[in-house]
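A.B. asks:
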Amino acid sequence: MIEWFLDGMLVLALLTTAVAVLASRNLFRAVVMFIAFGLLMALAWVRLQAPDIALAEAAIGAGLTGVLLLDAARHLGYSRGGRPE
Amino acid sequence: MRALSVVTMTAVCLAFAGLLGLAVWHIAGSPAPVNLPGLLAENLDASGVEHPITAVLLNFRSYDTLLEIGVLVIAGIAGISMAKTTSLEDPDLRTSDSLLYALQRWFVPLMLVLAGYLLWAGSDRPGGAFQAGAVLAASGVMMRLGGIPMDFLRPGVLLRLGLALGFTVFLLVAVASALAGEAFLAYPAGFAKPLILVIETVLTFSIAMVLLALFVSAPVNRAQEPEEGEHE
Chain F
3 MIEWFLDGML VLALLTTAVA VLASRNLFRA VVMFIAFGLL MALAWVRLQA PDIALAEAAI
63 GAGLTGVLLL DAARHLGYSR GGRPE
Chain E
85 MRALSVVTMT AVCLAFAGLL GLAVWHIAGS PAPVNLPGLL AENLDASGVE HPITAVLLNF
145 RSYDTLLEIG VLVIAGIAGI SMAKTTSLED PDLRTSDSLL YALQRWFVPL MLVLAGYLLW
205 AGSDRPGGAF QAGAVLAASG VMMRLGGIPM DFLRPGVLLR LGLALGFTVF LLVAVASALA
265 GEAFLAYPAG FAKPLILVIE TVLTFSIAMV LLALFVSAPV NRAQEPEEGE HE
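Those sequence lines, one after another, are chains F and E. Sequential numbering from 3 applies to the first sequence in the numbering used here. Sequential numbering from 85 applies to the second sequence in the numbering used here.
1. Can you tell me whether residue 114 (chain E) is buried or exposed, with buried defined as 16 or more other CB within 10 angstroms of its CB?
2. Is the Cβ of residue 11 (chain F) closer than 7 Å to any Cβ of chain E?
3. Would you verify that the beta carbon of residue 58 (chain F) is, or is not, closer than 7 Å to some beta carbon of chain E?
4. Compare the beta carbon distance of residue 203 (chain E) and residue 216 (chain E) with 7 Å and say whether it is the shorter of the two.
5. Could you tell me whether any Cβ in chain F is nearer than 7 Å to the Cβ of residue 243 (chain E)?
6. Give a yes or no on whether the C-beta atoms belonging to residue 284 (chain E) and residue 213 (chain E) are separated by under 7 Å.
7. What three-state label does DSSP hand residue 77 (chain F) in the structure shown?
8. Which of the three DSSP states, helix, strand or coil, is assigned to residue 20 (chain F)?
9. Does the beta carbon of residue 315 (chain E) come closer than 7 Å to any beta carbon on chain F?
10. Answer with buried or exposed for residue 77 (chain F), where buried requires no fewer than 16 other C-beta atoms within 10 angstroms of its C-beta.
11. Can you tell which of E:226, E:251, E:164 and E:112 has the C-alpha that lies nearest to the C-alpha of residue 186 (chain E)?
12. Which residue from E:153, E:181, E:150 and E:124 puts its Cα closest to that of residue 140 (chain E)?
13. Answer with buried or exposed for residue 244 (chain E), where buried requires no fewer than 16 other C-beta atoms within 10 angstroms of its C-beta.
14. Helix, strand or coil, according to DSSP, for residue 238 (chain E) in the structure here?
15. Can you give the Cα-Cα distance for residue 197 (chain E) and residue 220 (chain E), rounded to whole angstroms?
16. Going along the chain, which residues of the stretch 277–302 of chain E sit with their C-beta nearer than 7 Å to a C-beta in chain F?
17. For the stretch 63–74 of chain F, which residues have a beta carbon sitting closer than 8 Å to at least one beta carbon of chain E?
18. Would you report the Cα separation of residue 93 (chain E) and residue 59 (chain F), rounded to the nearest angstrom?
19. Within the chosen definition, does the stretch 65–72 of chain F reach the stretch 17–28 of chain F through at least 3 CB pairs nearer than 8 Å?
20. Mind the definition here: the stretch 268–282 of chain E touches the stretch 142–152 of chain E only if three or more C-beta pairs lie below 8 Å; say whether that holds.
21. Alpha carbon to alpha carbon, how far is residue 47 (chain F) from residue 8 (chain F)?
22. Assign residue 200 (chain E) to one of three DSSP states: helix, strand, or coil.
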């Protein structure tokens with residue numbers, strides 16, 4: 003029962019962060035949401051009993067891609083389309 | 085006219101959805117052609133490593149891993165070639181954030197040890213070259229943000245060597261095994277474990293180098309410089 007509840011919350015949080023990434027007008031917020039999505043995705047991989055992919059997802063998907071995207075967002079002046087900073 | 089296009093698009097979407105559903109129905113209906121976990125468990129002893137994922141990545145399907153590192157190296161070269169070379173040694177990128185310095189002092193040695201552990205752990209539990217390389221690159225990013233000079237990242241022999249090392253060694257092993265009479269990328273019996281270890285080690289260095297080079301070669305935007313510490 004508790005596992006079903008945890009998995010349900012995980013799926014819900016994944017969908018919420020995914021929509022937040024796509025719908026966000028602010029690039030910086032979108033990148034932060036993407037990092038949160040990556041970390042949740044790593045948890046999902048752990049729940050699916052794939053610790054290898056979870057490690058790779060946390061290190062590459064959330065960590066390094068996040069850093070690269072932050073860099074890119076800064077270069078684009080990270081509020082394109084949103085309010086000017 | 086607009087209504088017509090909407091109807092057409094809906095019909096096309098429905099047709100695709102129907103085809104997809106049919107395909108899923110067919111796949112679900114037919115029994116699995118091979119029992120992959122069973123096959124893997126039977127052949128694990130011959131692979132040279134104890135962890136099934138590493139056995140698949142570095143032995144049974146090492147061709148895929150070879151192509152993967154090739155793609156990574158190409159991406160790294162593309163990223164570097166788009167960079168303004170001055171930003172590779174830009175002193176302005178240093179931050180004077182004391183928190184970052186403190187973190188760096190604690191984290192960089194820990195992360196280096198963790199990378200080594202992950203690389204070694206790959207033989208019998210979750211871990212391996214990609215994870216270790218990513219952790220190594222992350223510690224490099226941290227050092228870079230702290231303004232520690234990293235001469236090997238300047239365009240030159242060391243950078244080229246680092247980028248190409250993993251792919252070259254992997255390819256050499258592959259070609260050597262092909263020339264020795266066995267199939268492409270078939271490790272000779274008894275040498276599987278040392279060869280896999282060597283390949284994993286050089287792959288770790290190359291992956292870390294590619295990821296770090298991608299980060300370091302990102303252009304520095306002068307106008308945004310004051311906001312440096314805010315989001316990193």
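Heads up, the beta-carbon is just placed ideally off N, CA and C, and yes, glycines get one too. These numbers come from a predicted model, not from an experiment.
C.D. replies: The relevant details are as follows:
1. exposed
2. no
3. yes
4. yes
5. no
6. yes
7. helix
8. helix
9. Reliability of the predicted coordinates at residue 315 (chain E) is poor, the pLDDT of 45 falling under 50, and the value obtained from them is presented with this limitation in mind. Chain F, which has a Cβ nearer than 7 Å to the Cβ of residue 315 (chain E), makes this yes.
10. exposed
11. E:226
12. E:124
13. exposed
14. coil
15. 9 Å
16. 295, 298, 299 and 302
17. 65, 66, 69, 70, 72, 73 and 74
18. 36 Å
19. no
20. yes
21. 13 Å
22. helix
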